[in-house]
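Chemist:
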Amino acid sequence: MSFTTIIYDTDAYWKVLRMRELVLRLPLGLRYSAEDIIKEESESIFAFSRDNQIAASCQFVLFGHTAKMRQVATSWVFQGQGIGRDLYLYCEDQLKKQGITEIYCHARKIAVPFYQKLKFDIISDEFEEVGIPHVKMKKRIM
Ligand SMILES: CC(C)(COP(=O)(O)OP(=O)(O)OC[C@H]1O[C@@H](n2cnc3c(N)ncnc32)[C@H](O)[C@@H]1OP(=O)(O)O)[C@@H](O)C(=O)NCCC(=O)NCCS
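In this text, residue positions in the sequence shown follow the working numbering: the first is -14, and each later residue adds one.
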C-alpha cells in the first residue's frame, strides 16, 4: 500500500492511464486521444497502489501558486473505501510543500459531494465537459 509520484511515459504511467480510461472515459463512450496524452507530460501525477494494483490517481497542472486538479479516479473495485480522500489529502500536503495555496477543479456534478467532503466550494454555474454537467470548485489550502 503506497502513494507514488508517477513519471510520464513509464510503465506505471500507462497503468494509471488504463485505470483512468476504464473509470472516466469508457463509461462515456470516450477514449484518450494522442493529444490528451501529450498534454500530460507537464503535469504532476500521483497514484495510490494497493495489492500491486493502481487503486486511485489524480493529477495537477500548476500555475504559480494555484493548481488545477484533474482526472480524479478510484478504480471501481476500490471505490467507497476512503482511498480517493486519502490520495487527495496526500497530494494536498505535497502541493503545500511546493508553495501551492489554492486548488481548483472542474467537478462532475455526480462527484460534487465527494469534493464538498474535502472542503471544496462550488464557484461557478453548471457547464458541460465530456458531454456531462460539471461545476468549478475551489479550496484554499494555506
Ligand atoms: C469520485 C471518486 C473519485 C471518489 O473516490 P472514492 O475513493 O470512491 O471516495 P472515498 O471512499 O474516499 O470517499 C470519501 C467520502 O466522499 C463520499 N463520496 C465519494 N464519492 C461520492 C459520491 N459520488 N457522492 C456522494 N458522496 C461520495 C464517501 O461516501 C466518503 O464519505 P465519508 O467521509 O462520509 O465516508 C470515485 O468514486 C470515482 O472515481 N468515481 C468515478 C469517476 C469520477 O466521477 N471522478 C470524479 C471526476 S470529477
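Even glycine gets a Cβ: it sits at the ideal position worked out from N, Cα and C. The structure presented is a predicted model; accordingly, all values stated were derived computationally and were not measured.
From which residue to which residue does the alpha helix (DSSP H) around F99 run?
Modeler: 97 to 102
Chemist: For G69, is the classification buried or exposed, using 16 other Cβ atoms within 10 angstroms of its Cβ as the cut-off for buried?
Modeler: buried
Chemist: Here's the rule I'm using: 16 or more other beta-carbon atoms within 10 Å means buried, otherwise exposed. How should E25 be labelled?
Modeler: buried
Chemist: Below 8 Å between beta carbons: does that hold for I30 and S42?
Modeler: Going by C-beta atoms, I30 is nearer than 8 Å to S42.
Chemist: Is the distance from the Cβ of E87 to the Cβ of H119 below 8 Å?
Modeler: no
Chemist: Note the first and the last residue of the continuous beta strand (DSSP E) segment covering Q38.
Modeler: Start and end: 38 to 48.
Chemist: Determine, using beta carbons only, whether V8 and E28 come nearer to each other than 8 Å.
Modeler: no
Chemist: According to DSSP, which residues form a beta bridge with S27?
Modeler: Beta-bridge pairing links S27 to no other residue.
Chemist: What is the DSSP secondary structure of I22, reduced to helix, strand or coil?
Modeler: helix
Chemist: From I117, M122, R3, pick the residue whose C-alpha is nearest to that of T59; which is it?
Modeler: For T59, the closest alpha carbon among the candidates I117, M122, R3 is that of R3.
Chemist: Taking the straight line between their C-alpha atoms, what separation do you get for L11 and C90?
Modeler: 21 Å
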